[in-house]
Each structure stands twice: as structure tokens, then as C-alpha cells.
Amino acid sequence: MSTVEEPTTLSTGAPSTGSPREEAIEVVRVSVPRRSARSEYRAVKIVWRREIIRFVNDRMRIITSLVQPFLFLFVLGGGLQQLSSAGTHGVDLKTFIYPGILCMTVMFTAMFSAASIVWDREFGFLREMMVAPVRRSSIVVGKALGGATVATFQGLIVLSLAWAVHVPYSLGLVLGVIGIQVLLAFAITSFGIMVAIRIKQMQSFMGVMQMVVMPMYFISGALFPARGLPTWLTVLNRVDPLAYAVDPMRRLVFSHLQISPAARHALDPGLAWWGWRMPAILEVAVIAVLGVGMLAIAVIEFAATE
Amino acid sequence: MSATATRAIQVEDLVKRYGEFEAVKGVSFSVGQGEVFGFLGPNGAGKSTTINMLCTLTRPSAGHATVAGHDIVRERDDVRRHIGLVFQDPTLDGYLTALANLKLHAELYGVESRLVLPRAKQVLQMVGLWDRRDGTVSTFSGGMRRRLEIARGLMHSPRVLFLDEPTIGLDPQTRRSIWGYIRQLQQQEQITIFMTTHYMDEAEWCDRIAIMDAGRIVALDSPETLKAGVGTDRVTIQTDDNAAAIRALADEFGIEASIAEGHVSFGVPEGETFVPRLFRGFSVPITGVSVSRPTLDDVFMSYTGSTIRDAEEDPSTAKNRAMMRMMGGGGRR
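Chain order of the listed sequences is S and V.
Our numbering numbers the first residue of the first sequence as 1 and each following residue consecutively.
Our numbering numbers the first residue of the second sequence as 1001 and each following residue consecutively.
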């Protein structure tokens, strides 16, 4: 099939008014190629770009999604400092919860990004994407990557606050934190998309957020050391996927701190299964596997919707 | 080229069931290339379900169809590459500009990069929105959005353009202008247009129309032929006792009348000469009368026994619609 025909010109008049608006319109004929890796790549890219464009245009969202981490870090962290100073062995409480806040920022931004699928459904745009001659999986992957990018960007803003909570910068710290954030952002976005595909209304999605995401966050050990807890809480903590992101993040941050062994022992106990402390690399792998698994479920679900 | 390629759309015994409920009960028709073909009928008649099947959005329960020469079940992707869609509900991204919406569409459809901007310019000029290309869609009026959706549907040079209720919810003046655009585009782009509407006056714009009622096609021809086929003028009378008037019409004149929109209505060959006769010898007092030439409304009425508005108010169709929505197909969602 030819891609372009000879450009011809013709004139048009606005039919509503009937006024002879003689404007030459150049006729351009295009064709839609058969599905290929390249067309799927273009689809992933444009869906990804759309997420970025919407985020950048929405300054309000950039600011509001930073309010919560700031509250936790400076208000809660600063306020509870006086109560907890005995137990933290001289470590600032803000420093202790900082790794948890790094995770939190990424997590909430990623969930909100995934919510865009619900908006797209409500405002009809989802349909435009569903009828395009591309794989549904390309759309889901584009969304997941877009959400992950946006969430990581928010995480970087919080990362830049390390000086305020007495965490020294180093290349290793920055790269490590970004690495975990990217992975966490991707996993949470995939989770969010998996949930969002089933949900038709924004209110319900917000409800799920409250029901699932908040408990997951509190149980993860982002705000307390995951040791010496009541048994029920220990069990919940060990099965909470988010705990496997918080723990390596805390290990990473604490490895850059100059603190007493007693403080390290009390504040960074790690996730242990029957006394065996999981290596960080395994914890990170858990997040990666969960992320990929949930993305796969999202793809299957999305392909099945009519 | 195969034989089916000469027809833009070829449909044989297409059926769609949602559980027990049969939304489309076996329809067959074909649409020629370059034709403007209209599907007319009340809400819940099965128009949207049929269009969704032809667009590969819904799988048919039985039957076959080809669009642009490709099978709608076995060659879904090929069908999608060659059709443009404008839905009854808006599907634009309100946060993006008009041009960005078109570019996004072009990327999803894999339009060659260097042609994206020239093509976008052409389709935007065709619907008179080129000057507004950098405007955010959320600031556009209903008519502008609809024009933009039509432009977007044409962005990838489809061979068949599907328009599902393209003018629903628009004021009469905007509707007229949208129709002007559609006819003009059809000539310039030489494409086939398949559309649904439940506005009778709009069906006049089509080359041929199919009247659909309760999941079946009850009539299919050009608007002129269909109107000529009715052959009678429509007389509507107002009385204080409609039931008595209908009985009296049957007894005294042998005419079968029905109630449409609260008035007694019937068809007679020559309305002007019949009305004086009616007034001379009718037993029920008449408070008002009107005589009209056949319209598509009458065509609809002669095939379905009710006006399109009455058909929509029928609780059974409302139930069907609710059911279809529940099943996740058709309807307004």
C-alpha cells in the first residue's frame, strides 16, 4: 500500500455558515502498518509520555503528594522525638523514619498514577486506547512505566532532603535509593493498575486505597523497627510486601550512618524468618517478582475486558 | 481483490446474545463503498451493539461480517487498521490540546512520523479547528469536541468511518453543521460512512437507511423510497375520548388508527379531502386536527407500529437497556 499520494489541493467552505471560506487544504493520505515490534514500542512510548505530560502539567498534584511525606517526616518525626529519645540511642527519630518516608512517597504517588486508569475509563479515553490496533499489554506496560517514572521523580525530591535528617550523601546511597525506588514504584503501579482495571469508579478506588494501602504502609515497619512486636503484628509484618522494600531501604541508609552498634541493633533489626535475616538482595528480588507478577495479572485482566 | 472487497461492509445473520437476552436477532445487509449508511431506531434497538460488533469491540454470538474486506472475528487487527470510530460518549483526553490528541492517536495507530503533522493539519482544517489546535480540549464546546473526535477518527485515513450517534446531545444548529462536515468529508476522503442515529431528520442525510427495532432490521432503502412506500398522508386528531374515536373510525370509515404521543393518528391516501368528510359525519367531537406528508417518522411507524419517541418510552426497552448495561455491553457506557 502506498504511503503518500500526490498532494492535491481542494477547497472547503464552512458548512454551518455557508460562507465561502476558500482555504486550500492539502490532502495527505496515510496508512496504518501491520502490527510489529516497532508499532508496539511506539504505543508503549506514547502511553508513557502521556502519563509524564499529565503529571508535569498538574503542579497541584506534585505539591499535594509531597504534603504527606513532609508531615510524617517533620511533624510526626519531630514531635515524637522527645518521647522516643530514650529508645533510639541518640539517633534522631527523623533519621530513623527517613527510609520509610522514601518508600511512602513513591508508594502513594504510584497508587495515584495507577488511578489514572479509572479516570480514563470514567472520561472515556480508555476506549480510544482499547480500540487501537496495538496489544493491550503495550498499553498496560506504558501505564506501569509512566507511573513508575512519575513516582520515582517524587521520590527524588524526598531524597534531596537527606541533609535535613542528618543522612550524609554519597554516590552509593543515591544510586541505591533510586534503584529501590524505581523497583518499588514499578511494583506498586502494577498493583494499582491490577486493582484499577476491576474498578469502575474513582470513589471505590479511593476506598481500596484506604483499606489496603494505608494498613500495608503502617504494618511494613516504615515507622517502627520490626522486632519484638506482638506475634500477630510480626506475622502481618512478614507477609506485607511493602516490608521487603522498607527493610533494604533502611539497611542502605543506615549503612551510611555513623552510629553506635547498640543503636544499629535496636533500630535496624531487619526482617527475620525464624531467626534468619534475609539478605537485602533477596528482599529486593521479592519486590521485583511481585511487581512482574502483578503486571502479568493486569495484562491478562486488561486483555479480557471488552 | 476478493469479491467481498467491493463492499465496504458485508453482514450475514449477525446475532448478539447477552445471556437470555437477544440484543441483535440476526441482521443481514451490505454497504457499498463510498456510501453514507444510516442505522435508525430507538435506544435499545440494537444499533450500538451492531456497531460494536462491526468495530470488533464485541464478539458476535453467531453470524459473519466483513468490514473493509476483513473478517471482524478472525482479522480483528486488520479491521481496526482500516476503520475510524466516533463513539456516542466522548473519548478525548481533556487535559491535552487538540493537536496532542491527534498526535497521540497517530502514535497508537503507527502513522508514519513525518506524515503525522501534515495529516493532522488536513483533518483539523476539514473540521475548522486548525486555528484552535493548541487549545486544551477541556475548554472546547460540545460541538467542537465532536468535530475534533471526527477529525481524530479520520487521522489514520480509514476506509470506513463509524459514527455512533454523532450528534447526540447537541443543539439543532450544531447538529446541522456536524452533518455538513460529515457529507463534505465523505466526498473529500472518499470513505464509507456507517452511522447510527435516533433523530429522524438526520436520517435524511443518508444514502440508505436501515430501520432497526427490537434487534431486527424492519426496513432498508433510500429515505425517498421508504417515504414513497408509505403512500399515505398522516392525519392526527385531538379528541376528549381517544378510545371512542378509534372505535368510531373503525366503524364509520374502516380505518385502523392508533395513539401516538397522546393523539389519535392514522394514515389515509388523500388527507386534504378526507378531513372535510370526517368532520361532516364523525360521532366523537374533534378539538384539533393536523395533516402531514409522510416523513421518516411515518415510515418508522408503519413498520413498527409506534413513533420512535413512544418506542423509547416503552418500559420494556428501558429494561433491555438496563440489562445490557449490566452485562457490560451496548448502552451508553
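Just so it is clear, CB atoms sit at the ideal spot from N, CA and C, and this is done for glycine as well.
On a predicted model such as this, the values are computed, not experimentally measured, just so you know.
9 Å Cβ cutoff, residue 45 of chain S in contact with chain B: You won't find chain B in this structure, because its protein chains are S and V.
Burial state of residue 1194 of chain V, where buried means 16 or more other Cβ atoms lie within 10 Å: buried
Minimum C-alpha distance to residue 1049 of chain V - residue among V/1020, V/1015 and V/1303: V/1015
Pair within 9 Å by beta-carbon distance, residue 138 of chain S and residue 295 of chain S: With respect to residue 295 of chain S, residue 138 of chain S sits apart: the two C-beta atoms are not nearer than 9 Å.
Distance between residue 1125 of chain V and residue 242 of chain S (C-alpha atoms, nearest Å): 52 Å
Contact test: residue 1304 of chain V Cβ vs the ligand ZN heavy atom, cutoff 8 Å: Among the ligands in the structure shown, none appear at all, so the ligand ZN cannot be discussed.
Nearest residue (CA-CA) to residue 1229 of chain V, options V/1197, V/1283, V/1152 and V/1301: When only C-alpha atoms are compared, the closest one is V/1301.
Closer than 8 Å at the beta carbon, the chain S residues around residue 1252 of chain V: Under the 8 Å cutoff, chain S gives no residues; its nearest Cβ is about 50 Å from residue 1252 of chain V.
Contact set between the region 1090-1103 of chain V and chain S, restricted to residues whose Cβ is under 9 Å from the partner: 1090, 1091, 1092, 1093, 1094, 1095, 1096, 1100, 1101 and 1103
Own chain partners of residue 1161 of chain V with C-beta closer than 6 Å, once the 5 adjacent residues on each side are dropped: Here residue 1161 of chain V has 1084, 1153, 1191 and 1193 as same chain residues with Cβ atoms under 6 Å from its own Cβ, once five neighbours each way along the sequence are excluded.
Three-state secondary structure (DSSP) of residue 1096 of chain V: coil
CB contact below 9 Å: residue 27 of chain S versus chain V: yes
Contact residues within the region 1054-1070 of chain V, judged by C-beta distance below 7 Å to chain S: 1055, 1057 and 1058
Whole-Å CB distance - residue 1267 of chain V paired with residue 1232 of chain V, under 8 Å assumed: Approximately 4 Å separates the beta-carbon atoms of residue 1267 of chain V and residue 1232 of chain V; this is inside 8 Å, confirming the contact.
For residue 292 of chain S and residue 180 of chain S, believed in contact at Cβ under 8 Å, the rounded distance: No, residue 180 of chain S and residue 292 of chain S are not in contact; Cβ-Cβ is about 16 Å, not under 8 Å.
Residue 1167 of chain V (DSSP reduced to helix, strand or coil): coil
Residue-level contact to chain V via CB, residue 123 of chain S, 9 Å cutoff: Residue contact check for residue 123 of chain S against chain V: a CB pair falls below 9 Å.
Nearest to residue 281 of chain S (by Cα), restricted to the options S/135, S/245 and S/128: Looking from the CA of residue 281 of chain S, the closest CA among S/135, S/245 and S/128 belongs to S/245.
Length of the line joining the Cα atoms of residue 1207 of chain V and residue 1299 of chain V: 16 Å
Contacts of residue 1194 of chain V in chain S (Cβ-Cβ under 7 Å): Near residue 1194 of chain V there are no residues of chain S at all, since even the closest Cβ is about 15 Å away, more than 7 Å.
The region 1113-1132 of chain V: positions lying closer than 7 Å to chain S by Cβ: 1115, 1118, 1119, 1122, 1125, 1126 and 1128
Beta carbon proximity, residue 1014 of chain V to chain S, threshold 9 Å: For residue 1014 of chain V, no CB of chain S lies under 9 Å from its own CB, so it is not counted at the interface with that chain.
Touch test, the region 164-181 of chain S against the region 245-260 of chain S, Cβ-Cβ under 8 Å, three pairs minimum: They touch, by the three-pair rule.
Span separating the alpha-carbon of residue 160 of chain S from that of residue 206 of chain S: Pairing residue 160 of chain S with residue 206 of chain S, the inter-Cα distance amounts to about 29 Å.
Members of the region 108-138 of chain S near chain V, C-beta cut-off 7 Å: 123, 124, 125, 127, 128, 129, 131, 132, 133 and 134
Cβ distance (whole Å) where residue 1145 of chain V is taken to contact residue 1127 of chain V below 8 Å: The Cβ separation is near 11 Å, so there is no contact.
Separation of residue 265 of chain S from residue 40 of chain S, as counted between CA atoms: 50 Å
Below-9 Å beta-carbon distance, residue 1087 of chain V vs any chain S residue: Output row for residue 1087 of chain V: interface = yes.
Contact set for residue 260 of chain S: own chain, Cβ-Cβ below 8 Å, skip 5 residues either direction: 89 and 90
Proximity test, Cβ basis, 9 Å: residue 36 of chain S and chain V: yes
Beta carbon of residue 1098 of chain V nearer than 9 Å to that of residue 1135 of chain V: A distance below 9 Å separates the beta carbons of residue 1098 of chain V and residue 1135 of chain V.
Interface residues of the region 1150-1163 of chain V facing chain S [CB-CB below 7 Å]: Taking 7 Å as the Cβ-Cβ cut-off against chain S, the residues of the region 1150-1163 of chain V that qualify are 1156 and 1157.
Residue 297 of chain S, DSSP secondary structure in three states: If DSSP states are grouped into helix, strand and coil, residue 297 of chain S belongs with the helices.
Residue-chain proximity (residue 1188 of chain V, chain S), Cβ-Cβ < 9 Å: yes
Any chain V beta carbon closer than 9 Å to residue 150 of chain S: no
Between the CA atoms of residue 1047 of chain V and residue 32 of chain S - distance to the nearest angstrom: Looking at the backbone, the Cα of residue 32 of chain S and that of residue 1047 of chain V are separated by about 27 Å.
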